[in-house]
Structure formats: C-alpha cells, structure tokens
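The block underneath contains the structure these notes are about, expressed in structure tokens.
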Amino acid sequence: MTGSRNRRFGTALVGLLVGFGLSPTAAEATSTTPGARALVPGVKVEVAPAPGSGPAATPNALDDSALRYYARIGDVERMEAEIARLRALDPGWEPPKDLFTPQAAGPGVDETPFWSLVSAGKFPEARAAIAEQRRQTPSWQPSAKLLQELDVAEGANRLRGASDTKRWQDVIDAAAAQPEAVACNRLDNAWRLAEAYAELKQLDRAFDRYKTIVSQCPKAKERRDTIFKASRYLSPEQVRELTTIGATANPVAGEDYTAVRTVEGELETGRLLEKLGNPKAGPLSTADLARAEQIIRDKQDADGAIALGWYFQRQKKHADAQRWFADANGWTPSDKAAEGLILALAALGKKAEAREAGAPWQGKSNRVDQALKSVTNPPRGSGSGGRGASGGGAPGQSELSAALARDDFAGCLAAIQRMLTHSRPTAALMQQRGWCLMELKRPTEAEAAFAEAQALAAREPAKANTPGKSSSQRSLSDRPLDTPASPAQENAYGQAVARLATGDVAGLARDLPRTNMTPTQKAEIRASLLATEAGRAMDDKRYGDVLRLLDARKELTPEPRNLSLLRGWALYNMRRLDEARALFKAIDDRLSTEESREAVSVTSMATYRY
Amino acid sequence: MSGCNWLLRVLVLGTALTLGGCFGWVDNNLTQLPTPWRRIQPAALPVTLPVSPQFPIIAARARTTGAIYSSYNVVLGNPTLLPGENRLSIDVHTLPDGPLGMLIQPPRVFPVPLYSTETLAETLAKEFPGLKTKVADSGRRNRYGEYDYALAQDATNTCVLAWQLISDHNRTLPRRIEAIRLEYRVCGTERNPRALLQMFDALILTLPDSILEIDDLTRL
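In the order they appear, the protein sequences are chains A and B.
For the first sequence, the positions run 1 to 610 when UniProt numbering is used.
For the second sequence, the positions run 1 to 220 when UniProt numbering is used.
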C-alpha cells in the first residue's frame, strides 16, 4: 500500500513539474512512473523555492489546511479533489507555492496530529485531542477546515456503518444531515446512498442520485463505474439515459468520456453471455443470438464460443454446436472445447471425427476421456470389449445408450437396474452406475458403486489388466503420447470424485498419494482439493493461505475464472488493492459479468474511500 | 533485591508462556469453521435406526464446529431414480466448557427457527426439483416430541422432509446440551408418506448424556 501511495505520489509530482513548465521529457526524467498526469487539468502548481519560507499569502484567504495535509501525506486523489473544490469556490485561486513545505497552523500549533486522527477514522480521539489542545493553548482555534472535515468524516462514517448493516433509511438520514459526505470526493458514499434508495424500492430517487453522480463527478472512470453499479437496480432505459448524461454532461477538459459511451454495450454483452451460459435462462431471441454470435466472433472469444456451443447443444442443434466448439478449439485449443466438439460430433453420428477431435487430449484430460466413451464405448454399461454378462446385445443396452445420449441419468439408472435383473453386474456396468449417480447428486452411493466396480474389476483380471480391448480403443491407446486410464484407475478416479463431492477432503488428501490413478487424474483431484482448501482458507480469513494454495493449484492446471475471483478477493482483503483491481479488471475485460463488475467496483470504492 | 529478581523471573516466565502456549491456543481455537466431514462407522453414530431393507445406512460422517457443535450425517439408501441423497442429519449443540469457550463461539450451524416459509420453499425446491410439494398441515410426534414435515410427490415417487428441534430441558435434554436438531430427507417408491416417516418416528438418540423420551413413563 505504501509503495502504491508512493507511486501515485510520484505520478503527481511529475504532473506538478509539467504544470510548472518543465518539458515532459524533463519531467519524466525525475520519475520512472509512466503516464504522468496533471493534478487537475489546467491547474498550475509551483514548487516552493525553499523550506521555511512561510506560508504563501492567499488573497482571498481560502482555507488550504486540508490541501496541505493531503500533500504532506501524499494522498494524491484527495489532494486533487481538494484543489478542484477550492477552485470551484474561487476560480482565480492557485495552489500555494509551498504546498510541500512543512507548515504550522495557527499560533505555534501543528494540526497534523489531529488530521492524522481524522484520517485514521479516530473521530472521538480527534475531538478529545482538539479539546485537550485548546485547554493547553486557550488562544488557539482549530482551523475551520479541520472542524468541517471532522464533521463530514463523522457523517460519512455513520452512513457507511448504516450501509454495512443494511439500515437503508439511516443511510439516507445520515446523508441528509451531512450532504458533503456524499460529494464526488467521497464517491463510495454517494454510491451507498443511491443503493439505499434502490434497496428501499425508491427507484426514482436512486436514479436521481446516480444521475447527479454521472453529471457532476468529473472523472470518466467514476461515471463509468457508477453506471455499472446502477445497472444492478435500474431498467435498461434508465441505464441508457445515464449513459447519455454521463458521456455528455459537464465535460472536463482532458477527460476522455469514450469509455462511458461503451458501458451500455458492455452491459448488454455481459447480459447476453450470462444468459447464454445459463441452462435455465431459456432460448435467446433471434436478435440477441445474432448479436452474441457477432460479439464472440469479433473478439475470437473461445470461452464465449464454448458457451455458445453448449447453448446449441442444449437446443439439439448439434451442427451449430459443432461449428462453435470447433471455432473455440481453433482460437484457443482446450480440453473443454474438445469435449464439446466430441459430444456434438457424436450426436451427429460422426464418431470417427469425434475420436479424432479428442485424440490430442486423450489420457491427458478426464473430461475428454469421459466424452470419448460416448464414441468409443457407447453402451458404457457393457463396454470394454463386451464385458457384460450378456455380451454386446445385452437387454437394456440400447436403452442405456439412449438415456446417456439424452443426458437422462435417471433413465441410465433405470436401464442399469433392468440390465442387472437379466445379468450379473460387471465392473463397467457398476462404473457407469457410479457416474450416473454422480450426475444425480448421490455421491455416497456413487462411491459405493465405484468401489463395487473396483472389486469386480479385480475379479476380471484378464480384462482389467488389458484396458481398451475394443478395436476403437486400441487404435487410440496405441498413440505414443496417450496413456489411457485402466478400468482400475477409472474406478479409483470415480471414487475420488465422489469423495470430493461428499466433502471428505481430509481423508482424500491422505489417501491420494497411494491411490492407483494416472498422473493426470491425480493432478486433477489434487487441483480440486487445493481449490476446496483455498475456499476454506478464505472462509477462515487466512488470505495468505488462499494465495499459497491457489499458486500451488496453478502449477497443476490453469486457473478458472471463479478461482481467479477468489484470488482477487484474497488480495483485496490483504489490502493489495492495486493487484486486486488489476486482476478483477483483467477478468472483467475478458467477460464482464455482474460479479466481475461488482469486484471492480468494490476495489475502486476502496481506493476512493475517504 | 532478591524479591525483585524473583518478580522479574515470574514476569519473563509468564510472558514466555503467553507467547509460546497461549498463541498456540489462539491459533487452534479461534478457527470456528466446521472441520471437514470424516467417515465414521455407523456404530459410532449417536443414533440407532430401525433396520430397513429399503433405506440401509450407506455411510456415516461426522464433523465439529468449534467446541460446541457436533454434526452427523447418515446417508441412507435411495430406491428411487430421483436426484439427491436420502439422509438423516443430526446437529448437537452443547454448552461451552468454560468462560473462554463462552467468549469464543462459532456462529450457529442451524438457524432457529429452523425454517421460515421462504427458506422452506427454497429448500423443498432444491431437495425435490420437479416434484409437487406440500407442507403438512399438522406435525407428527416421535420419541422426542413434535416435528414438522413436508411432502413431495410425482407419479411414481414420494419424498418427505422432516425437521425437529429438541430443546426441552424440563424432561428431554440434560443441562449440558443446549439443543439437538434433526433433519430427515427420504424419497421412496411408497405412496404413503407414513411408511417413509417410520424410520424418523422410531429413531433412538444414543448420546452419552441421558436423553429422555417424552413418554418414557407411559411406555413402561
């Protein structure tokens, strides 16, 4: 945090030098921080010639004690805001030359300790210290700015406390009592006030508050973040109006409001992609679908293409699904895209192509291995070279295949039950039962089914030790890089997945090293264990551990979006705000969803707080 | 002078104990998250269930939360094709051992009241997706008092969700146990929900502390 503050302070100093008349090159030579910016556009600040030259006379006697305090502690954000506020009071006012020179306020009393207490949120202590100082120095009067700042900070504190505990009416009352607490320089509070109105279903007032922010607060980024926040509560029409206002109202020279104009499109994209990925959301309209396809194609967004593939797969439009999975795999090859491609091709009856699509990942990705079963071993229950008691034509086999093809896992159980009434259980059949039970969220029974499959496999030595006896499997396993799992390994893997689902994390972690699984399977289970442990560490507020566990997981497999968000929140809670914000921003840039926008907003709020 | 030295030694020893021991204690005891579930033998469960071929015990698990909550989960067989596990869950809320335990308490592992209209509707929708659900108009009674339940049905299956908070210290619970929560979720192919509730009606709690049935005397 200190480093971050120093960097920001360095940036401001560059701005000061630029404003002072040095060439940009000369200014940059004093700092390595790129992207220097002026404190406030159009403000020129002169650096004091020497310390101890005394305060510069301000003709209109504006109280600059807060400004000096912010300069002293290097709080650039608030220094900028204070300069803007003073300039609004007196357009002819210029920041003092000796802004960075230590000052004594009043007759011999340095107000720094009081400002420090206020800044630290220690308001009763600040009031007590002021009272004590006045007792010791009766002639001293605290500066009006200090007292005003204290009042505002107390009001802001009350507002935040009410907001944190969801006392929405109290939030509104606190803002009414101290309107300065919800000014642009305390944007977080202004957002909280709008949120309070929205939570109380006073949506018109919430809209008014958001409108005030996007029209009055000068920074484009603040306006943009505000619209994202407002989108949670307001109608699309209101968000559109806010966007128009935010992009045009009271523009400040030097600010680029282009990013505000694009918010609506980003929100729309996020909404579309979320809907696309949600099986319960129903079909998209033709226009929405066309728009989603266009966006994904333009961005060559592999994740979006996979979501689109699954969308079409759910709609039984397998040819479209195949096309999108293939595009995703072309843009960014992944086992997720390959899995979808295999299943789409399988549904189209193109089994050879499906096997080909899965070949690069076979033995390296369990999701691909599972998907390949639908093409290498369709009647999974009696698979592995017809190990079922009744051979390839076992009664119920086609029923089982049909159930699996339509993802009907209750149907799968029913088919297996019927098969078991005609024939003895086989390892493959019990393994299939295990997977179907997993899909039905019955992991304990699934674990038992995998254990039974394991026991049966041990009694079928010839077959268990020669996995992939069918011609199709043999042709795949003969590839030098592929190391398909044996039935015993498949069963052990199934048991491990089931144990994960039942929360038996400690036992599984203990047993994993001596479990017979392929290295890929072990890595996948280990990654899941680490993710579970990271979630637990997060709940336990052990943020350092969260990062440690996620780092270890990242060595095994790429980090999915939800865990990247978890990592971001751990960084946020460790007050590594710059890193958290950068991470959230990167996630949001890839695919903007409500949770990623919220994360970006909250980290921004933390920066603006106070 | 020697008195001063003695005092200094006591202070140093006290500080060392505080830093060495007490901090360790804090590390071990401030975590109020539930421990991960661990498998236990059915015999180690604090409950005896009637033998049921339809709903055998598949697995038993236990975990603790802080020093005052012990939770048990008994997974029962599910003869239907419906999603979700049949189960009996038990949470035992004991009183803290001492003043430190009173100061550091984990959040409740179950809410009181156990359900509101909204949370019950959410739970039923989650437990029995796609089934028609109905909350029973009147409760039923097992060995430990009244309990409530809800029904869920489709053309071939019937499910029940029963929940009970035992908190009667006048007769049922010893002073050391603050409360016991029971929740029972079972789906079967029976049409009659009473058959499904039979196991819940007949269960016997076997905690080390003496838990009395509400009508022990009338049973004698």
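Cβ atoms here follow ideal geometry from the backbone N, Cα and C, with glycine treated the same way.
CB contact flag (B/Ser70, B/Arg63, <9 angstroms) = By one-based count along the second sequence, residue 70 of chain B stands at place 70. By one-based count along the second sequence, residue 63 of chain B stands at place 63. Contact: yes.
Measure from the C-beta of B/Ala44 to each C-beta in chain A and report whether the shortest distance is under 9 angstroms.
-> Mapped onto the second sequence, residue 44 of chain B falls at position 44. Not one chain A Cβ lies under 9 angstroms of B/Ala44.
Contact set for A/Arg167: own chain, Cβ-Cβ below 6 angstroms, skip 5 residues either direction = Within the first sequence, residue 167 of chain A is the residue found at index 167, counting from 1. The same chain holds no residue with a CB closer than 6 angstroms to that of A/Arg167 once the five nearest residues on each side in sequence are set aside.
Using a C-beta cutoff of 9 angstroms, does A/Gly385 count as contacting chain B?
-> What you label residue 385 of chain A is simply residue 385 of the first sequence in a count that begins at 1. Because the pLDDT at A/Gly385 is just 33, under 50, the model does not fix this residue reliably, and the point stays unresolved.
If we ignore side chains and look at the alpha-carbon of each, how far apart do A/Thr502 and A/Thr269 end up?
-> Within the first sequence, residue 502 of chain A is the residue found at index 502, counting from 1. Within the first sequence, residue 269 of chain A is the residue found at index 269, counting from 1. Between the C-alpha atoms of A/Thr502 and A/Thr269 there is a straight-line separation of about 37 angstroms.
Residue-level contact to chain A via CB, B/Pro53, 9 angstroms cutoff = In the second sequence, residue 53 of chain B corresponds to position 53, counting from 1. Interface annotation, B/Pro53: not in contact with chain A, CB-CB separation never under 9 angstroms.
Top-ranked residue by Cα proximity to A/Ala428, from A/Met438, A/Ala453 and A/Gly265 = For the purposes of this step, residue 428 of chain A is taken as the residue at position 428 of the first sequence. Distances from the CA of A/Ala428 to each of A/Met438, A/Ala453 and A/Gly265 were compared; the closest alpha carbon is that of A/Ala453.
Nearest-angstrom Cα distance between A/Thr286 and A/Gly568?
-> As a position in the first sequence, residue 286 of chain A is number 286, starting the count at 1. As a position in the first sequence, residue 568 of chain A is number 568, starting the count at 1. Cα to Cα, A/Thr286 sits roughly 36 angstroms from A/Gly568.
In angstroms, rounded to a whole number, what distance separates the CA positions of A/Ala177 and A/Glu154?
-> Against the first sequence, residue 177 of chain A aligns to sequence position 177. Against the first sequence, residue 154 of chain A aligns to sequence position 154. Those two C-alpha atoms are separated by around 11 angstroms.
Same chain, Cβ closer than 6 angstroms to A/Glu399, five either side skipped, listed in chain order | Residue 399 of chain A sits at position 399 when you count from the first residue of the first sequence. Excluding its 5 nearest sequence neighbours in each direction, A/Glu399 has C-beta neighbours in its own chain below 6 angstroms: Ala415, listed in chain order.
How about A/Lys66 and A/Leu146: do their beta carbons lie closer than 9 angstroms?
-> For this step, residue 66 of chain A is matched to residue 66 along the first sequence. For this step, residue 146 of chain A is matched to residue 146 along the first sequence. Position check: residue 66 of chain A holds Ala in this sequence, whereas Lys was assumed. In terms of Cβ geometry, A/Ala66 and A/Leu146 form a close pair [threshold 9 angstroms].
A/Arg442 and A/Cys412 closer than 9 angstroms at C-beta | In the first sequence, counting from the first residue as 1, residue 442 of chain A sits at position 442. In the first sequence, counting from the first residue as 1, residue 412 of chain A sits at position 412. Contact flag unset, no.
Using a Cβ-Cβ cut-off of 7 angstroms (strictly less than) and excluding sequence neighbours within five positions of A/Leu556, which residues of its own chain qualify?
-> Sequence index remark: in the first sequence, residue 556 of chain A carries index 556 (1-based). The beta carbon of A/Leu556 sits closer than 7 angstroms to those of Ala523, Arg526 and Ala527, all from its chain and outside the five residues before and after it, given in chain order.
Partners in chain A for B/Pro83, counting only beta-carbon separations shorter than 9 angstroms = In the second sequence, counting from the first residue as 1, residue 83 of chain B sits at position 83. What B/Pro83 touches in chain A, judged by beta-carbon distance under 9 angstroms, is Phe409, Ala410, Glu439, Leu440, Lys441 and Arg442, going in chain order.
Sequence-distant residues of the same chain with beta carbon closer than 7 angstroms to A/Leu456, five excluded per side = Residue numbering aside, residue 456 of chain A sits at position 456 when the first sequence is read from its first letter. Result list for A/Leu456: Pro425, Thr426, Ala427 and Met430, in chain order.
Do B/Ile214 and B/Gly145 have their CB atoms nearer than 9 angstroms?
-> The residue given as residue 214 of chain B occupies position 214 in the second sequence. The residue given as residue 145 of chain B occupies position 145 in the second sequence. Between B/Ile214 and B/Gly145, the C-beta spacing is below 9 angstroms.
Candidates A/Val252, A/Gly254, A/Tyr233 and A/Gly282: which alpha carbon is nearest A/Leu267's?
-> The residue you call residue 267 of chain A lines up with position 267 of the first sequence. Among A/Val252, A/Gly254, A/Tyr233 and A/Gly282, the Cα nearest to that of A/Leu267 belongs to A/Tyr233.
Taking 9 angstroms as the CB-CB limit, is A/Ala455 close to chain B?
-> Sequence index remark: in the first sequence, residue 455 of chain A carries index 455 (1-based). Using a CB distance cut-off of 9 angstroms, A/Ala455 does not count as an interface residue toward chain B.
Just how far apart, CA to CA, sit A/Ala506 and A/Gln489?
-> The residue given as residue 506 of chain A occupies position 506 in the first sequence. The residue given as residue 489 of chain A occupies position 489 in the first sequence. Taking the straight line from one Cα to the other gives about 21 angstroms.
Per DSSP, B/Lys134 forms a beta bridge with which residues?
-> Working through the second sequence from its first residue, we reach residue 134 of chain B at position 134. Answer by DSSP bridge pairing, in chain order: B/Leu151.
Beta carbon of A/Glu533, beta carbon of A/Asp545: below 9 angstroms?
-> Numbered from 1 along the first sequence, position 533 holds the residue referred to as residue 533 of chain A. Numbered from 1 along the first sequence, position 545 holds the residue referred to as residue 545 of chain A. In contact: A/Glu533 and A/Asp545 (Cβ atoms closer than 9 angstroms).
For A/Asn465, name the three-state secondary structure that DSSP assigns.
-> The count along the first sequence starts at 1 and reaches residue 465 of chain A at position 465. Only weak support exists for where A/Asn465 lies, its pLDDT of 42 falling under 50; the value from the coordinates is given anyway. Three-state DSSP puts A/Asn465 in coil, outside helix and strand.
At a Cβ threshold of 9 angstroms, is A/Ala414 touching chain B?
-> Taking the first residue of the first sequence as 1, we reach residue 414 of chain A at position 414. At least one CB of chain B lies nearer than 9 angstroms to the CB of A/Ala414.
The stretch 209 to 223 of chain A touching the stretch 193 to 200 of chain A, judged by at least three CB pairs closer than 8 angstroms | The stretch 209 to 223 of chain A makes contact with the stretch 193 to 200 of chain A: 3 or more CB pairs, one atom from each, lie closer than 8 angstroms.
Is it buried or exposed for A/Arg581, if we count other Cβ within 10 angstroms and need 16 for buried?
-> Here residue 581 of chain A refers to the residue found at position 581 of the first sequence. Buried: at least 16 other Cβ atoms inside 10 Å.
Start and end residues, beta strand (DSSP E) containing B/Cys159 | Taking the second sequence and counting its residues from 1, the one referred to as residue 159 of chain B is at position 159. B/Cys159 -> beta strand (DSSP E) spans Thr158 to Ile166.
Hey, quick one: how far does the alpha helix (DSSP H) through A/Glu578 stretch, first residue to last?
-> Along the first sequence, one-based indexing puts residue 578 of chain A at 578. With the sequence shown as reference, residue 578 of chain A is identified as Asp, and Glu is not the correct amino acid for it. Counting along the chain, the alpha helix (DSSP H) containing A/Asp578 begins and ends at Leu577 to Arg590.
Per DSSP, B/Gly188 is paired with what?
-> One-based indexing of the second sequence puts residue 188 of chain B at position 188. B/Thr158, per the DSSP bridge assignment.
For A/Tyr197, does the three-state DSSP call read helix, strand or coil?
-> Reading the first sequence from its first residue, position 197 is the one you call residue 197 of chain A. If DSSP states are grouped into helix, strand and coil, A/Tyr197 belongs with the helices.
Could you please tell me which residues of the stretch 488 to 511 of chain A, in chain order, have their CB closer than 7 angstroms to any CB of chain B?
-> Within the stretch 488 to 511 of chain A, the residues whose Cβ lies closer than 7 angstroms to some Cβ of chain B are Thr502, Gly503, Asp504, Val505, Ala506 and Gly507, listed in chain order.
Would you check if there are 3 or more beta carbon pairs closer than 8 angstroms linking the stretch 224 to 243 of chain A to the stretch 255 to 266 of chain A?
-> Judged by Cβ distances under 8 angstroms, the stretch 224 to 243 of chain A makes contact with the stretch 255 to 266 of chain A, as three or more pairs qualify.
On the three-state DSSP scale, how would you describe A/Tyr233?
-> Taking the first residue of the first sequence as position 1, residue 233 of chain A is located at position 233. Of the three classes helix, strand and coil, the one that applies to A/Tyr233 here is coil, per DSSP.
Over the uninterrupted alpha helix (DSSP H) stretch that includes A/Ser401, give me the two end residues.
-> For this step, residue 401 of chain A is matched to residue 401 along the first sequence. That run of the alpha helix (DSSP H) goes Gln397 to Ala405.
What span of residues does the alpha helix (DSSP H) with A/Glu213 cover, start to end?
-> Position 213 of the first sequence, counted from the first residue, corresponds to residue 213 of chain A. The question names Glu, but residue 213 of chain A is Ile in the sequence shown. For A/Ile213, the uninterrupted alpha helix (DSSP H) run begins and ends at Leu203 to Gln216, by DSSP.
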